[in-house]
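Peer 1: Numbering (this note's numbering), first residue to last: 385 to 698.
For each residue, glycine too, the CB sits at the ideal point set by N, CA and C.
Sending over a structure as structure tokens; questions will come in a sec.
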Ligand code: SAM
């Protein structure tokens, strides 16, 4: 993955065997292995510090706000009074940071499989977590997110799934199935919402996104796919919101801005009433692919990616 070139050191983001994006870096801040994955934190020339797990680019300092606000804010803003939030994955602590911005939130449980990723994030990615790991409302657990969902007796107003893509041989593919989403739905309060990062919406690799949307529709009455362009990924990145009734189209731009001003601590950089309207209006090619997908992802044949978005059906 690391290659010496002139005049800089370059780091390669493999989208597929036929498409690679390279970023100039000043150097690596951390490179090691946990029991679970390879962890790299690099200092990119353009995007600042970035986290890479098993060669998969996770987020970068300059534009992580686009990804993390998109993942968290639509769900929490739509809920009338989110108090308890669960985050599955979320290593960098930025998803937790976004949840804790809400003055209504009294408890945020973050469950990441890999303690080493969180340790590295605490030390090397301070602007990502911004102290959220030590917020008194935070409960930090290190275990498999699926096991947590199977074992917990708690219910949550929002569950946010911020795990790595379902890479073949990776730790997360069991958290993208119909059976897992059924478990999640049981752990939501009546007005509770689920929000997931759902891989790329690139026209070269729409399989994962469309299958996840289709799979969620088997379990939830309302599913809303949406997307935001993340410059570091050089892609329109996909998310899905699943609810028992709440609908992002039924809240106006003005209402969203009002909720933000009343409830949110600090200033959001990406999400507001205007952004809300744009992210839930997907391009035609994406809508068409979503409508055509029929495959439901199940435990007995879980999808696994070789490259982001390019899932093999079970
Ligand atoms: N932004 C990311 C992306 O683009 O995919 C995801 C963010 S976050 C760094 C991903 C986290 O998910 C990692 O810290 C990893 O340890 C965690 N993770 C992966 N599989 C998991 C599982 N089965 N249970 C809990 N956490 C998991």
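What is the residue span of the beta strand (DSSP E) that residue 396 lies within?
Peer 2: First-last of the beta strand (DSSP E) with residue 396: 393-400.
Peer 1: From which residue to which residue does the alpha helix (DSSP H) around residue 671 run?
Peer 2: Taken as a continuous stretch (DSSP letters only), the alpha helix (DSSP H) holding residue 671 covers 668-676.
Peer 1: Residue 683: buried (16+ other C-beta within 10 angstroms of its C-beta) or exposed?
Peer 2: The residue is exposed, with fewer than 16 neighbouring Cβ atoms inside 10 Å.
Peer 1: Relative to the C-alpha of residue 699, which candidate in 599, 581, 647, 559 has its C-alpha closest?
Peer 2: In the structure displayed, the chain extends from 385 to 698; residue 699 sits before or after that span and is not available.
Peer 1: Under 7 Å between the Cβ atoms of residue 456 and residue 475?
Peer 2: Cβ atoms of residue 456 and residue 475: not closer than 7 Å.
Peer 1: At a cut-off of 6 Å, is residue 553 close to the ligand SAM when judged by its beta-carbon and the heavy atoms of the ligand?
Peer 2: Result no, Cβ not under 6 Å from the ligand SAM.
Peer 1: Would the beta-carbon of residue 524 be found less than 6 Å away from any heavy atom of the ligand SAM?
Peer 2: For the ligand SAM, not one heavy atom lies less than 6 Å from the Cβ of residue 524.
Peer 1: Note the first and the last residue of the continuous alpha helix (DSSP H) segment covering residue 504.
Peer 2: Here the alpha helix (DSSP H) through residue 504 covers 499-508.
Peer 1: If you scan the segment 455-527 from start to end, which runs of the beta strand (DSSP E) of 3 or more residues do you find wholly inside it?
Peer 2: Taking only runs of at least 3 residues, the beta strand (DSSP E) segments lying wholly in the segment 455-527 are 468-473, 491-496, 522-526.
Peer 1: What do you reckon, is the C-beta of residue 519 under 6 Å from a heavy atom of the ligand SAM?
Peer 2: No, since every heavy atom of the ligand SAM falls outside the 6 Å radius drawn around the Cβ of residue 519.
Peer 1: Is residue 618 helix, strand or coil by DSSP?
Peer 2: Coil, per DSSP.
Peer 1: Considering residue 660, what are the terminal residues of the beta strand (DSSP E) in which it resides?
Peer 2: No beta strand (DSSP E) contains residue 660, which is instead part of the alpha helix (DSSP H) from 657-663.
Peer 1: Would residue 709 be called buried (16 or more neighbouring beta carbons within 10 Å of its own) or exposed?
Peer 2: Residue 709 lies beyond the stretch modelled for the chain, which goes from 385 to 698, so this question has no answer here.
Peer 1: Spatial neighbours of residue 434 within its chain, please: C-beta separation below 6 Å, excluding the five flanking residues on both sides.
Peer 2: Same-chain partners within the cutoff: 426, 428, 444.
Peer 1: Under the rule that 16 or more other beta-carbon atoms within 10 Å means buried, what is residue 500, buried or exposed?
Peer 2: With 16 or more other Cβ atoms within 10 Å, it is buried.
Peer 1: In angstroms, rounded to a whole number, what distance separates the CA positions of residue 681 and residue 586?
Peer 2: For residue 681 and residue 586, the distance between alpha carbons rounds to 20 Å.
Peer 1: For the beta strand (DSSP E) containing residue 428, name the first residue and the last one.
Peer 2: 422-428 is the extent of the beta strand (DSSP E) around residue 428.
Peer 1: Take residue 698 and list the residues in its own chain whose beta-carbon comes closer than 8 Å to its own, dropping the five residues that flank it on each side.
Peer 2: Note on residue 698: pLDDT 45, under 50, position unreliable in the model; no value is reported.
Peer 1: Please name the residue, chosen from 468, 620, 657, that lies closest to residue 522 on a Cα-to-Cα basis.
Peer 2: Ranking 468, 620, 657 by Cα distance to residue 522 puts 468 first.
Peer 1: Tell me the DSSP secondary structure of residue 679 in three-state form.
Peer 2: In this structure, residue 679 counts as coil in the three-state DSSP scheme.
Peer 1: From the DSSP secondary-structure annotation, give me the bridge partner or partners of residue 546.
Peer 2: Bridge partners of residue 546: 473.
Peer 1: Among 430, 399, 405, 404, which has the Cα closest to the Cα of residue 411?
Peer 2: Cα-wise, what sits closest to residue 411 is 430.
Peer 1: Excluding five sequence neighbours on each side, which residues of the same chain lie with their C-beta closer than 7 Å to the C-beta of residue 658?
Peer 2: Only 637 meet the Cβ criterion.
Peer 1: To the nearest angstrom, report how far apart residue 486 and residue 611 are at their CA atoms.
Peer 2: Whole-angstrom Cα-Cα distance: 22 Å.
Peer 1: What number of angstroms, rounded off, separates the C-alpha of residue 574 from the C-alpha of residue 442?
Peer 2: Using only the alpha carbons, I get a separation of about 32 Å.
Peer 1: When you compare only the Cα positions, how much space is there between residue 627 and residue 393?
Peer 2: C-alpha separation (whole angstroms): 45 Å.
Peer 1: Apart from the five residues just before and just after residue 566, which ones in its own chain have a Cβ nearer than 6 Å to its Cβ?
Peer 2: 603.
Peer 1: Would you check if the distance between the CB atom of residue 580 and the CB atom of residue 624 is smaller than 7 Å?
Peer 2: Contact: yes.
Peer 1: Can you list, in chain order, the residues of its chain with a C-beta nearer than 6 Å to that of residue 421? Leave out the 5 residues immediately preceding and following it.
Peer 2: Hits under 6 Å: 437, 438.
Peer 1: Would DSSP call residue 564 helix, strand or coil?
Peer 2: Helix at residue 564.
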